[in-house]
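There are 2 protein chains.
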Amino acid sequence: MKADTPRIEEYLESIYKLQQDEHPVSTSRLAEHLKLSAPSVSEMTKKLAQKKLVNHTEKGICLTQEGNRIAKKVIRRHRLSERLLTDILGFRWDEVHDEACRLEHAISPEMEKHIEESLGNPKTCPHGFPIPDENGVIVKEKLRPLSELKARDKGIIVSVFEEDPKMLQYLASLGLIPEVCVKVEEVAPFGGPLIVCVSGSRYALGREVASKIKVK
Amino acid sequence: MKADTPRIEEYLESIYKLQQDEHPVSTSRLAEHLKLSAPSVSEMTKKLAQKKLVNHTEKGICLTQEGNRIAKKVIRRHRLSERLLTDILGFRWDEVHDEACRLEHAISPEMEKHIEESLGNPKTCPHGFPIPDENGVIVKEKLRPLSELKARDKGIIVSVFEEDPKMLQYLASLGLIPEVCVKVEEVAPFGGPLIVCVSGSRYALGREVASKIKVK
DNA sequence: CCGTTTTATTAGGCACACCTAACTCTATAT
DNA sequence: ATATAGAGTTAGGTGTGCCTAATAAAACGG
Ligand SMILES: [Mn+2]
Ligand SMILES: [Mn+2]
Ligand SMILES: [Mn+2]
Ligand SMILES: [Mn+2]
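Residue numbers (our numbering), protein chains in the order written: chain A, 1 to 216; chain B, 1001 to 1216.
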């Protein structure tokens, strides 16, 4: 019954992430996210369905309860790895994604526990996303994208949904990282940029990027 | 030219280790060490020879210069991983081998550097074996197996060549770990046990085990 | 010296995870 | 209404890394 390869973990993790904004996930989006051909994903999806890890209907792909459970375990290992990399090994937050994506498949339950304890039971990854607990429970906060704030609204950055290192580095250079307080000064009309104020400085920020920054 | 899979790394690492006491390594020993069938190893050896990573003659298998270079890089990552596991993540020395054997294939050159620096440039793994530097240079000391000491000889334990967790735990419980001073009180004749004195206590130790403990 | 054991290889096959090319079906646009 | 674009699958194929069964060659013991 123990039928879990690194690749299966990778698929489940991707489906989980994509499910956040597209509930039944489409084959094509999944293929794009995994950087694989559509037929490869189509085939693997069939195997995942056989193993009862996903339901595959005309609407798209959904994780089953079991698939969800495994996905959250992988995400837990991914986010703990990221914290290990930044907090203990001195990586920057823009360098950790690819490293963690490899590490997450090489971490035993014992190591998971040891990392968690050594880090002092962190609640989030360096990008502000919650680390599922050992039972897969995720604490979810009600958040708003920065892009939806009105002029003069304030918020505290909780998470930054961005994997591109260049962009992450740029955001960090502006001080746009979790736990930081940000104020929207102006919102340009017609989908134009936001003028935001963060730790005393004023920056223009595109809507696209702003929508990836979640505040509370 | 970049043709390096985790399995190839594993083979090269095993060959390197076996070469320590059997110079051209035999297929059967390699198969035994890797816990694979002889034909699997025979086949892979052919591929390694094609890639110029080993020379395969009637005498057996030897690493080429390039094979040696890669093997040492893998061993470097293995031993750095072990140190990370014990020194930072709080594992015991008997728990780290299998973990490190997975981690060593998931560590980038950047991570290698970061681990090394975070650990304060350790010179050995928890079992006392030297960590090759970034250029693959290994500092080799002249060592004697504990089993070859005469009665009343003293030595400082440098390394313990043992992978079985049970045995490692046992040795640690006796205080037989690197950097510890050990004195041979008696040597029983006919290949019998040694009576050793370590940190004030006296223990009987089989020849077999004693030969895996290297002292200076 | 000959039979037995050990060692190594060949042959054939399988699971996994990927690919391209070709096809079907649906949504959309003119 | 028909042409086109997009999404998804089927078919056929590849490379990697493992297996068992059979075979060949070498080493050893009496
Ligand atoms: Mn991954
Ligand atoms: Mn993260
Ligand atoms: Mn390994
Ligand atoms: Mn070691």
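In this text, a Cβ means the ideal position worked out from N, Cα and C, and glycines have one as well.
Selected residue, minimal CA-CA separation from residue i, among the options
i: Glu-117/A; options: Gly-128/A, Glu-134/A, His-105/A and Glu-58/A; result: Glu-134/A
i: Val-1096/B; options: Val-96/A, Glu-43/A, Val-182/A and Ile-107/A; result: Ile-107/A
i: Arg-76/A; options: Ile-88/A, Ala-100/A, Phe-91/A and Met-167/A; result: Ala-100/A
i: Glu-208/A; options: Arg-202/A, Pro-145/A and Val-180/A; result: Pro-145/A
i: Val-160/A; options: Met-44/A, Lys-72/A, Leu-36/A and Val-215/A; result: Val-215/A
i: Lys-1052/B; options: Pro-1109/B, Ile-1008/B, Val-1139/B and Ser-1028/B; result: Ile-1008/B
i: Lys-1154/B; options: Lys-1142/B, Thr-1057/B and Val-1180/B; result: Val-1180/B
i: Lys-140/A; options: Val-158/A, Val-198/A and Arg-152/A; result: Val-158/A
i: Lys-1059/B; options: Leu-1174/B, Glu-1022/B, Thr-1005/B and Leu-1119/B; result: Glu-1022/B
i: Val-198/A; options: Gly-206/A, Val-182/A, Ala-204/A and Ala-210/A; result: Val-182/A
i: Pro-280/A; options: His-105/A, Phe-129/A, Leu-149/A and Ile-70/A; result: No answer is possible for residue 280/A: it lies beyond the span of chain A, which begins at 1 and ends at 216.
i: Leu-1171/B; options: Val-1025/B, Gly-1206/B and Lys-1072/B; result: Gly-1206/B
i: Glu-1110/B; options: Leu-89/A, Ile-156/A and His-127/A; result: Leu-89/A
i: Trp-1093/B; options: Gly-1128/B, Gly-1120/B, Thr-1027/B and Val-1025/B; result: Gly-1128/B
i: Leu-1036/B; options: Arg-1102/B, Tyr-1011/B and Gly-1175/B; result: Tyr-1011/B
i: Gln-19/A; options: Val-41/A, Asn-68/A, Asp-4/A and Thr-57/A; result: Asn-68/A
Distance, residue j Cα to residue i Cα
i: Met-1001/B; j: Leu-1034/B; result: A caution first: Met-1001/B carries a pLDDT of 48, below 50, which makes its placement in the model unreliable, though a value can still be read off. Roughly 26 angstroms separates the two Cα atoms.
i: Ile-1115/B; j: Ile-195/A; result: 40 angstroms
i: Pro-1189/B; j: Ile-1213/B; result: 19 angstroms
i: Ile-131/A; j: Pro-122/A; result: 8 angstroms
i: Glu-1186/B; j: Glu-112/A; result: 45 angstroms
i: Pro-39/A; j: Pro-165/A; result: 29 angstroms
i: Glu-169/A; j: Ala-31/A; result: Checking the sequence shown, residue 169/A turns out to be Gln, not Glu. The straight-line gap from Cα to Cα measures roughly 27 angstroms.
i: Val-1184/B; j: Ser-1211/B; result: 13 angstroms
i: Glu-43/A; j: Val-1074/B; result: 34 angstroms
i: Val-25/A; j: Thr-1027/B; result: 48 angstroms
i: Ala-204/A; j: Ile-156/A; result: 18 angstroms
i: Arg-1102/B; j: Gly-200/A; result: 46 angstroms
i: His-1056/B; j: Asp-1004/B; result: 19 angstroms
i: Val-1041/B; j: Arg-1029/B; result: 10 angstroms
i: Glu-1162/B; j: Gly-1120/B; result: 25 angstroms
i: Ser-178/A; j: Phe-91/A; result: The amino acid at residue 178/A is misidentified as Ser; the sequence shows Pro. Rounded to whole angstroms, Pro-178/A to Phe-91/A spans 16 angstroms at the Cα level.
i: Arg-152/A; j: Asp-87/A; result: 34 angstroms
i: Val-54/A; j: Leu-1174/B; result: 52 angstroms
i: Met-167/A; j: Leu-1176/B; result: 52 angstroms
Cβ-based burial, residue i [other Cβ within 10 Å; buried from 16]
i: Cys-1125/B; result: buried
i: Val-137/A; result: exposed
i: Gly-192/A; result: exposed
i: Arg-1202/B; result: exposed
i: Ser-147/A; result: buried
i: Arg-1079/B; result: buried
i: Ile-1070/B; result: buried
i: Lys-1150/B; result: exposed
i: Asp-1098/B; result: exposed
i: Lys-142/A; result: exposed
i: Lys-1072/B; result: buried
According to DSSP, residues forming a beta bridge with residue i
i: Ile-1061/B; result: Val-1025/B and His-1056/B
i: Gly-155/A; result: Val-182/A
i: Lys-1214/B; result: Pro-1145/B and Ser-1159/B
i: Ser-1201/B; result: Val-1198/B
i: Thr-1124/B; result: Pro-1130/B
i: Val-1187/B; result: Leu-1194/B
For the segment 1060 to 1071 of chain B against the segment 79 to 92 of chain A, are there 3 or more C-beta pairs whose distance is under 8 angstroms?
At 8 angstroms Cβ cutoff, the stretches do not touch.
With contact counted as at least three CB pairs below 8 angstroms, one residue from each stretch, are the segment 1040 to 1051 of chain B and the segment 1003 to 1015 of chain B in contact?
yes
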